[in-house]
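Q: Going down the list, the protein sequences come from chains A and B. If you count the first sequence from 1, position 190 lands on 239 in this note's numbering, and the numbers rise without skipping. If you count the second sequence from 1, position 203 lands on 224 in this note's numbering, and the numbers rise without skipping. A virtual CB, placed ideally from N, CA and C, is assigned to each residue, including glycine. As the structure is a computational prediction, the values presented were derived from the model and not from experiment. Here it is, the structure, as structure tokens.
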Amino acid sequence: MIRFENVTKTYKNSTVALRNVSLDVQKGEFVFLVGPSGSGKTTFIRLLLREELPDRGRIWEAGREIIDLPKWRVPYLRRNIGCVFQDFRLLPNKTVFQNVAFALEVIGRPKSVVDAQVPQVLDLVGLSKKRDNLPSELSGGEQQRVAVARAFVNRPLILLADEPTGNLDPATSQGIMQLLDRINRTGTTVMIATHDAALVDWMRRRVVELDQGVIVRDQARGVYGIDNAAGRSAG
Amino acid sequence: MPVSADYVARETATNLWRNRLMTIAAVLTVAVSLALVGAALLLKQGAANAEVEWQRGTQVTVWVNPGAGASETKAIGTQLAQLPIVHSCSFYTKAQDFAEAKKILTPSVFSALTLSSTPPSFRCTPSQPQDAQAVINRFRGQPGVYQVTAPIQSIHAMEKTITVLQWVFVGVALVLLLSAAVLILNTIRMAIFARRREVSVMKLVGATNWFIRLPFMSEGLIQGLIGSLLAAGLVFVLHVVLNYYGNPSNPGAVLTQMRMSGWNVFGTDAVVIIMGVLIGSAGSAAAIRRFLDV
Chain A
50 MIRFENVTKT YKNSTVALRN VSLDVQKGEF VFLVGPSGSG KTTFIRLLLR
100 EELPDRGRIW EAGREIIDLP KWRVPYLRRN IGCVFQDFRL LPNKTVFQNV
150 AFALEVIGRP KSVVDAQVPQ VLDLVGLSKK RDNLPSELSG GEQQRVAVAR
200 AFVNRPLILL ADEPTGNLDP ATSQGIMQLL DRINRTGTTV MIATHDAALV
250 DWMRRRVVEL DQGVIVRDQA RGVYGIDNAA GRSAG
Chain B
22 MPVSADYVAR ETATNLWRNR LMTIAAVLTV AVSLALVGAA LLLKQGAANA
72 EVEWQRGTQV TVWVNPGAGA SETKAIGTQL AQLPIVHSCS FYTKAQDFAE
122 AKKILTPSVF SALTLSSTPP SFRCTPSQPQ DAQAVINRFR GQPGVYQVTA
172 PIQSIHAMEK TITVLQWVFV GVALVLLLSA AVLILNTIRM AIFARRREVS
222 VMKLVGATNW FIRLPFMSEG LIQGLIGSLL AAGLVFVLHV VLNYYGNPSN
272 PGAVLTQMRM SGWNVFGTDA VVIIMGVLIG SAGSAAAIRR FLDV
């Protein structure tokens with residue numbers, strides 16, 4: 050589903066964000082991308098969204114090479130990828146329903162589809178009763194659930210999350226993780242960049258650790274720090 | 022993916038309403054500048070109409086020396102009658118010219134004139150308007166001829182004035198048009214800024230570039246269009262006013278000679294509206310290019 054092959058990305062100020070990174074993620078996997086700030090996690094996500102292009106290497110996503118993708122095809126690539134951020138990125142003047150519906154409307158889905166899919170996904174994230182509330186009337190956890198609903202409403206093949214629990218307390222963070230886990234069970238590949246050690250340890254899923262732009266660990270059922278008990282495996 | 026017209030209309034209306042003060046400023050500037058362009062165009066057409074009128078009525082007056090004898094006067098008359106470039110002539114006696122001078126000259130100027138010092142004249146119509154100058158050249162300095170005059174000079178002076186006026190209009194209009202385009206650009210820039218969150222979400226979920234751009238494009242276009250429709254209305258009102266004062270019962274008046282047809286106004290309005298749409302599109306296209314990163 051996701052394949053990085055010898056990818057190197059250097060920024061203009063000659064900071065090397067990723068150094069010769071290769072990685073394979075299969076369809077339906079749940080992967081944590083961990084590492085300290087500046088280790089290259091966000092660059093990884095941005096490359097997958099094609100907000101950035103690598104200097105070297107190739108990237109495949111949903112069976113398609115994305116480096117040579119013409120610019121006008123990028124929006125179509127993004128329709129296969131749902132994305133959730135630390136700051137939720139909700140539209141403050143739209144209700145919960147409208148925020149989620151917006152993601153379908155702007156890719157030209159008819160009203161009938163919007164009216165059918167939005168309530169379903171709001172039900173999935175447990176916000177059916179708050180569909181007419183504005184984001185400012187919701188808690189942080191609820192806002193992130195709306196963001197997850199918006200990312201998932203188009204049934205993407207891949208769901209990316211960049212520090213999705215960075216602004217949330219531990220209990221709420223677990224709720225979000227359970228939600229992402231539920232989405233993963235529908236067959237969606239989930240990749241989460243985080244440095245929330247407790248959550249990674251609690252979930253026990255595949256962990257890819259980045260340090261200074263290099264993959265230093267790739268464990269099938271890993272924890273945040275090095276866990277000698279778990280066997281090493283490359284996915 | 023087709024972009025729904027309903028969506029573009031809704032978003033455009035929202036944006037225009039959100040930035041209504043800037044929108045009004047942009048629309049009014051477009052309206053004033055295009056009204057000036059329209060007025061200049063209308064004036065040009067009016068001047069062209071009047072020129073035809075003036076040339077058609079061009080008369081050459083051959084003034085006979087007040088002291089000339091009857092035979093000399095008769096010889097001039099015969100020469101004029103034989104000249105093929107002269108269509109017709111009528112002779113005005115000293116008394117007739119004196120009476121006419123009393124009517125058109127101011128009392129102070131007229132008081133210097135006596136009946137005996139008034140020259141008699143031949144009032145001639147050339148076969149073609151452009152022959153007037155040839156008639157003047159032929160008779161100027163002839164024995165017995167006091168002076169040959171035609172209103173050509175005053176027509177030229179009038180045309181010059183109108184041309185200068187047109188260029189002043191066009192110059193002012195160009196400056197205003199430029200400011201209108203900049204105002205539209207700024208309104209769109211503000212709209213883009215106001216909607217930057219939405220734009221970033223749209224990009225994230227895979228809205229096409231055209232889907233993102235179109236509401237902003239149509240916003241500028243609509244500002245240009247509304248401004249140009251107002252300008253077209255002003256041009257029409259100007260036309261009605263000019264034609265009202267240029268009454269056919271007063272054929273000598275300049276405004277009457279400038280009378281414009283409905284087609285003149287229709288053409289001018291069409292040009293004004295097209296320019297408005299172009300300015301609106303150019304302003305928003307520049308803003309999108311510069312400030313909307315898709």
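What residues of chain B sit near A/ALA152, judged by a beta carbon separation below 7 Å?
A: What you label residue 152 of chain A is simply residue 103 of the first sequence in a count that begins at 1. Near A/ALA152 (Cβ distances below 7 Å), the residues of chain B are VAL226.
Q: Per DSSP, A/LYS58 forms a beta bridge with which residues?
A: Your numbering for residue 58 of chain A matches position 9 in the first sequence. Note: A/LYS58 sits in a beta bridge opposite A/LEU67.
Q: Starting from the beta carbon of B/GLU219, find every residue of chain A whose beta carbon is closer than 7 Å, and list them in chain order.
A: The count along the second sequence starts at 1 and reaches residue 219 of chain B at position 198. Correct list: LEU140.
Q: Excluding five sequence neighbours on each side, which residues of the same chain lie with their C-beta closer than 6 Å to the C-beta of B/ILE183?
A: To locate residue 183 of chain B, count along the second sequence from 1; it is residue 162. Once the five neighbours on either side are set aside, the close Cβ partners of B/ILE183 are ALA68.
Q: Using a Cβ cut-off of 9 Å (strictly closer), state whether A/ALA279 contacts chain B.
A: Position 230 of the first sequence, counted from the first residue, corresponds to residue 279 of chain A. The pLDDT assigned to A/ALA279 is 49, lower than 50, so where the model puts this residue is not dependable, and the model offers no usable value.
Q: Between the C-alpha atoms of A/ALA279 and A/GLN268, what's the straight-line distance to the nearest angstrom?
A: As a first step, residue 279 of chain A must be located in the first sequence, where it is residue number 230. As a first step, residue 268 of chain A must be located in the first sequence, where it is residue number 219. Note that A/ALA279 has pLDDT 49, beneath the 50 cutoff, so the model's placement of it is unreliable and the number below is only indicative. Answer to the nearest angstrom: the Cα atoms are 8 Å apart.
Q: Look at the Cβ atom of B/TYR113, then the Cβ atom of B/PHE160, and state whether they are nearer than 9 Å.
A: Counting from one through the second sequence, the residue named residue 113 of chain B turns up at place 92. Counting from one through the second sequence, the residue named residue 160 of chain B turns up at place 139. It is not a contact, given that the beta carbons lie outside the stated cut-off.
Q: With distances taken from CA atoms, which of B/LEU37, B/LEU64, B/CYS110, B/MET223 is nearest B/ASP314?
A: On the second sequence, position 293 is the one that residue 314 of chain B refers to. Considering only alpha carbons, the answer is B/MET223.
Q: Leaving out five residues before and five after A/GLU54 in sequence, what residues of the same chain have Cβ atoms less than 7 Å from its Cβ?
A: Mapped onto the first sequence, residue 54 of chain A falls at position 5. SER71, GLY106, ARG107.
Q: Would you say B/VAL29 reaches chain A, if we count a Cβ-Cβ gap shorter than 9 Å as a contact?
A: Stepping through the second sequence from its first residue, residue 29 of chain B is reached at position 8. It does not; no Cβ of chain A falls within 9 Å.
Q: Within the 9 Å Cβ cut-off, does A/ARG194 reach chain B?
A: Numbered from its first residue, the first sequence carries residue 194 of chain A at position 145. It does not: the Cβ of A/ARG194 has no partner Cβ on chain B nearer than 9 Å.
Q: Excluding the five sequence neighbours on either side, which residues of its own chain have a C-beta within less than 6 Å of the C-beta of A/SER177, listed in chain order?
A: Position 128 of the first sequence, counted from the first residue, corresponds to residue 177 of chain A. Excluding sequence neighbours, A/SER177 sits near LEU171.
Q: Does DSSP put A/VAL263 in a helix, in a strand, or in coil?
A: Looking up residue 263 of chain A in the first sequence gives position 214. Of the three classes helix, strand and coil, the one that applies to A/VAL263 here is strand, per DSSP.
Q: Mind checking if A/ARG199 is an interface residue toward chain B, Cβ cutoff 9 Å exclusive?
A: Taking the first residue of the first sequence as position 1, residue 199 of chain A is located at position 150. Yes, its Cβ sits closer than 9 Å to a Cβ of chain B.
Q: Can you look up A/GLU258 in the DSSP assignment and give me helix, strand or coil?
A: Along the first sequence, one-based indexing puts residue 258 of chain A at 209. Strand at A/GLU258.
Q: Are there 16 or more other CB atoms within 10 angstroms of the CB of A/SER282, so buried, or fewer, so exposed?
A: As a first step, residue 282 of chain A is located in the first sequence; it is residue number 233 there, counting from the start. In this predicted model, A/SER282 has a pLDDT of only 43, less than 50, meaning its place in the structure is not dependable; the value taken from the coordinates is given anyway. Exposed, by the Cβ-count rule.
Q: Rounded to whole angstroms, what's the CA-CA distance from A/ASN62 to A/PHE93? Just pull it up for me.
A: In the first sequence, counting from the first residue as 1, residue 62 of chain A sits at position 13. In the first sequence, counting from the first residue as 1, residue 93 of chain A sits at position 44. About 18 Å.
Q: List the residues of chain A that B/THR229 touches, going by C-beta distances under 7 Å, in chain order.
A: Position 208 of the second sequence, counted from the first residue, corresponds to residue 229 of chain B. Those within 7 Å of B/THR229 in chain A are PRO124.
Q: Can the beta-carbon of B/LEU259 be found less than 9 Å from the beta-carbon of B/LEU63?
A: Numbered from 1 along the second sequence, position 238 holds the residue referred to as residue 259 of chain B. Numbered from 1 along the second sequence, position 42 holds the residue referred to as residue 63 of chain B. Taking 9 Å as the Cβ cut-off, B/LEU259 and B/LEU63 qualify as a contacting pair.
Q: How many angstroms separate the CA atom of B/GLY267 from the CA atom of B/ILE213?
A: Within the second sequence, the letter at position 246 stands for residue 267 of chain B. Within the second sequence, the letter at position 192 stands for residue 213 of chain B. Cα to Cα, B/GLY267 sits roughly 49 Å from B/ILE213.
Q: Give me, in chain order, the residues of the same chain whose beta-carbon lies closer than 8 Å to that of B/GLY59; leave out the 5 immediate sequence neighbours on both sides.
A: The residue given as residue 59 of chain B occupies position 38 in the second sequence. ALA252, ALA253, LEU255, VAL256, LEU259, THR289, ASP290, VAL292, VAL293.
Q: If you follow the beta strand (DSSP E) that A/TRP109 is in, where does it begin and where does it stop?
A: Position 60 of the first sequence, counted from the start, is the residue given in the question as residue 109 of chain A. That run of the beta strand (DSSP E) goes 105–110.
Q: Over what stretch of residues does the alpha helix (DSSP H) that includes A/ILE115 continue unbroken?
A: Taking the first residue of the first sequence as 1, we reach residue 115 of chain A at position 66. A/ILE115 -> no alpha helix (DSSP H), and no H or E assigned at all.
Q: Which chain A residues are close to B/MET223, counting only those with a beta carbon under 7 Å from its beta carbon?
A: Looking up residue 223 of chain B in the second sequence gives position 202. Residues of chain A passing the Cβ test: VAL155.
Q: In three-state terms, what does DSSP make of B/TYR266?
A: For the purposes of this step, residue 266 of chain B is taken as the residue at position 245 of the second sequence. Note: B/TYR266 maps to helix in three-state DSSP.
Q: Using DSSP with H/G/I as helix, E/B as strand and the rest coil, what is B/GLY297?
A: Taking the second sequence and counting its residues from 1, the one referred to as residue 297 of chain B is at position 276. If DSSP states are grouped into helix, strand and coil, B/GLY297 belongs with the helices.
Q: Exposed or buried, which one is A/GLY284 when buried takes at least 16 other CB atoms within 10 Å?
A: As a first step, residue 284 of chain A is located in the first sequence; it is residue number 235 there, counting from the start. Any reading at A/GLY284 must be qualified, since the residue scores a pLDDT of 36, below 50, and its modelled position is unreliable; the value itself is stated next. Exposed, because fewer than 16 other Cβ atoms sit within 10 Å of the Cβ of A/GLY284.
Q: Tell me the rounded alpha-carbon separation between A/ASP260 and B/ILE205.
A: Locating residue 260 of chain A in the first sequence gives position 211, counting from the first residue. Locating residue 205 of chain B in the second sequence gives position 184, counting from the first residue. Looking at the two C-alpha atoms, the distance is approximately 49 Å.
Q: Measuring CA to CA, which of B/THR208, B/GLY165, B/ARG39 is closest to B/GLY90?
A: As a working note, residue 90 of chain B is residue 69 in the second sequence. When only C-alpha atoms are compared, the closest one is B/GLY165.
Q: Using a Cβ-Cβ distance cut-off of 9 Å, determine whether B/ILE309 contacts chain A.
A: Residue numbering aside, residue 309 of chain B sits at position 288 when the second sequence is read from its first letter. It does not; no Cβ of chain A falls within 9 Å.
Q: Just checking, does the segment 207–214 of chain A make contact with the segment 144–151 of chain A on the three C-beta pairs under 8 Å criterion?
A: With the cut-off at 8 Å, the segment 207–214 of chain A and the segment 144–151 of chain A do not touch.
Q: Compute the Euclidean distance between the alpha carbons of A/ARG194 and A/THR64, then round it to the nearest angstrom.
A: For the purposes of this step, residue 194 of chain A is taken as residue 145 along the first sequence, with counting starting at 1. For the purposes of this step, residue 64 of chain A is taken as residue 15 along the first sequence, with counting starting at 1. A/ARG194 and A/THR64: Cα-Cα distance of roughly 34 Å.
Q: Please check the pair B/PRO147 and B/THR94, which I expect to be a contact at CB under 8 Å, by giving their CB distance rounded to whole angstroms.
A: Sequence index remark: in the second sequence, residue 147 of chain B carries index 126 (1-based). Sequence index remark: in the second sequence, residue 94 of chain B carries index 73 (1-based). Rounded, the Cβ-Cβ distance is 21 Å, inconsistent with contact.
Q: Flag A/ARG128 as yes if its beta-carbon sits less than 9 Å from any beta-carbon of chain B, otherwise no.
A: Position 79 of the first sequence, counting from 1, holds the residue named residue 128 of chain A. Output row for A/ARG128: interface = yes.
Q: Between which two residues does the alpha helix (DSSP H) harbouring B/ALA155 extend?
A: Here residue 155 of chain B is taken as the residue at index 134 of the second sequence, counted from 1. Segment 153–160, the alpha helix (DSSP H) holding B/ALA155.
Q: Determine, using beta-carbon pairs with one atom in the segment 104–122 of chain B and one in the segment 130–140 of chain B, whether at least three such pairs fall under 8 Å.
A: Short answer: they touch.
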